[in-house]
Every structure is written in structure tokens, then in C-alpha cells.
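Here's the structure, in C-alpha cells; my notes come after.
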């Protein structure tokens with residue numbers, strides 16, 4: 050018990066998530082004969098590849114005290130831009146860079162409006178989400194984009210030492226982001242800006258540059274996640290990432306990241322993604338309605354966001370006779 054009390058709140062959350070995921074996995078394996086099948090495990094890994102990438106980018110933004118609702122729209126935009134340019138005869142590597150660059154451009158717009166013009170992140174990213182999603186619908190006009198090289202789409206079956214290459218890419222990205230956040234000056238600056246931007250500025254941190262970095266990085270990562278999703282489904286669709294903002298924010302907050310910024314971890318965010326995917330996968334295997342899946346996600350989000358408030362409230366001395374006596 051002393052060991053548990055001595056742990057920081059973030060590490061308590063991570064340990065709890067590890068135990069919860071192990072319990073969920075064991076429960077699903079006992080009630081469903083297909084949960085541990087190779088096909089289901091591969092589907093979970095591929096789905097986690099794209100959501101895990103989105104969670105990494107969103108975690109950086111939220112830890113810095115921001116919020117990005119545009120990630121789902123960027124996820125849809127990137128492969129569409131890539132496909133359209135490749136269809137026009139642009140070399141695929143250049144079209145690929147343009148698709149990733151479109152995510153960086155959206156992130157840059159978000160950062161400038163938030164950092165330079167001091168607009169609220171939720172309003173800015175809601176607006177860019179709406180604009181970008183409309184652009185995607187206009188480009189596709191009700192169709193799907195399928196102009197991709199076979200070698201690109203065949204990555205869905207590629208593996209490294211038995212691990213799907215897309216899942217390995219997500220793990221590598223998570224490792225790099227974790228190292229950045231925990232061992233580099235920029236990572237400490239992100240945490241400081243999220244905790245208190247005014248104090249961070251007084252300490253000599255360029256708050257605008259930090260905001261610029263996290264939003265552009267989030268846009269680039271969302272663009273890569275969109276290309277990952279395209280590899281998984283073998284086409285680019287207008288509704289890709291439609292529910293991604295809710296899913297990813299839920300996962301990041303489940304992982305212990307404070308909605309107000311200043312605290313969080315990449316490992317916790319990825320564990321939160323795994324928890325959410327196990328719940329959704331289990332509901333699918335047990336043939337439960339998606340209606341209940343979204344209700345569960347909404348309830349989890351409320352509980353997780355409110356836990357720090359409830360904890361702080363419960364620790365406050367109650368008013369009454371005891372308070373009067375004191």
C-alpha cells in the first residue's frame with residue numbers, strides 16, 4: 050500500500066490500465082472462441098495502428114494545454130490528396146509528401162489562429178474540421194479514391210519479425226514521442242506550457258513555438274494515420290476518421306492525461322487506445338449493438354475527465370460542526 054501511495058497519479062493510472070487490459074483480454078478469450086484467433090489479433094493491431102498514431106498526436110496537443118478536433122478530417126484529407134495527385138501523374142513519393150504536407154498545413158493554420166490570434170482551440174479546430182471535411186467530400190463527390198500503387202496497399206500484409214509493419218510504425222512513433230516528452234528540453238517545455246503558459250513564458254520558454262510544434266506535429270501524425278487507414282481498408286473514403294476525435298480524446302484521457310494540460314504520457318494514451326479497442330472488439334464479438342458501444346465511451350469519458358475533480362472535492366474538509374470547531 051505504501052508503494053502504491055508513493056506512486057505519481059499518472060503511473061497509478063498506467064498500472065491500472067495494464068491490469069484492466071489484461072482482465073479484459075482474459076475475459077474476452079474465455080467468452081469468445083474467436084478473440085485469440087490470428088485474424089482478430091491482426092485486425093486489432095491494424096486498427097490500433099491508426100488510432101494509436103492519432104492518440105500520440107492528440108496527447109502532445111492536450112498535454113500542451115490545447116485541443117484538436119480536426120484530426121479526423123485531416124485523416125480523411127491526406128490519402129485523398131495523395132490519390133488525386135498520383136492519378137494526375139505526379140510521382141507517388143511526391144504525392145505522398147503532399148498528402149502529409151496537407152496535414153502539416155492544417156496544423157499550421159490551427160497553431161497560428163490559436164497562438165497568434167488567441168482564439169479558443171476548440172472553436173478553431175471545430176472550424177478547420179468542418180472546412181477540411183467539406184473539401185474532402187467535394188474532392189471525392191460520393192466516390193472513393195483508389196489510385197494507389199500496389200506496393201503501397203500491400204503494406205497491409207507486410208510484417209517485421211512477425212509484427213505487422215503498420216503496428217511497428219505506430220510503436221516506433223510512440224517511442225520517439227515518449228523520448229521527446231520525457232528526456233528532451235522541448236518535451237519539458239510542452240509540459241510547462243500545458244501546466245501554466247504564463248509561468249512558462251516567464252521562464253524563457255517561447256510559448257508560441259511550442260504551440261506551433263504540437264499542432265503541426267499533430268497534423269502530420271494525423272495525415273500519416275490517414276494513410277495507414279487507407280492501407281487497412283485499401284481505399285480512401287470521405288468518412289474516414291469521422292468518429293476519431295471522440296475515440297482518441299477518450300483514449301488519451303483514459304490514459305491519465307489531464308484535459309487542462311500539464312500532465313500526461315504517450316504510454317498511457319496507447320494503453321487507453323487498447324482499452325477502448327478491447328471494449329469495442331468485445332462488443333462486436335458478442336454481437337452487442339454499436340449503440341451501446343458509444344454510450345459506454347461517453348460514460349467512460351465523463352468518469353475519466355471528472356475523476357480529478359471528484360478526487361479534489363472529496364479531499365476538501367466538509368463544512369459543518371467540525372469546520373466551525375476548527
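In my numbering, the protein residues as written are 50 to 375.
Each residue gets a CB set at the ideal place from its N, CA and C atoms; glycine is no exception.
Asked, Found
"Who are residue 212's beta bridge partners in DSSP?", "209"
"Given residue 148, which residues of its chain have a CB within under 7 Å of its CB, disregarding the five upstream and five downstream residues?", "127, 128, 130, 131, 272, 276"
"Kindly list the residues whose CB is nearer than 7 Å to the CB of residue 263, restricted to its own chain and excluding five residues on each side of it in sequence; keep chain order.", "109, 110, 113, 115, 239"
"Return the chain-ordered list of same chain residues with a C-beta closer than 6 Å to the C-beta of residue 151, the five sequence neighbours on each side being excluded.", "126, 127, 130"
"Work out the CA separation of residue 83 and residue 106 for me, nearest whole Å.", "32 Å"
"According to DSSP, simplified to helix, strand and coil, what is residue 289?", "coil"
"Would you mind sorting residue 76 into buried or exposed? The rule is 16 or more other CB atoms within 10 Å of its CB.", "exposed"
"In chain order, what residues of the same chain lie with their CB nearer than 6 Å to the CB of residue 319, ignoring the 5 residues before and after it?", "101, 223"
"With the cut-off set at 8 Å, would you say residue 216 and residue 279 are in Cβ contact?", "no"
"Cα separation between residue 213 and residue 289?", "21 Å"
"Would you be able to state if there are at least three C-beta pairs under 8 Å between the segment 83-96 and the segment 300-314?", "no"
"Should residue 292 go down as buried or exposed, given a rule of 16 or more other Cβ atoms within 10 Å for buried?", "exposed"
"In three-state terms, what does DSSP make of residue 194?", "strand"
"Looking at C-alpha atoms only, which residue of 246, 55, 56, 67 is the closest neighbour of residue 303?", "67"
"If you draw a straight line from the alpha carbon of residue 249 to that of residue 94, how long is it in whole angstroms?", "38 Å"
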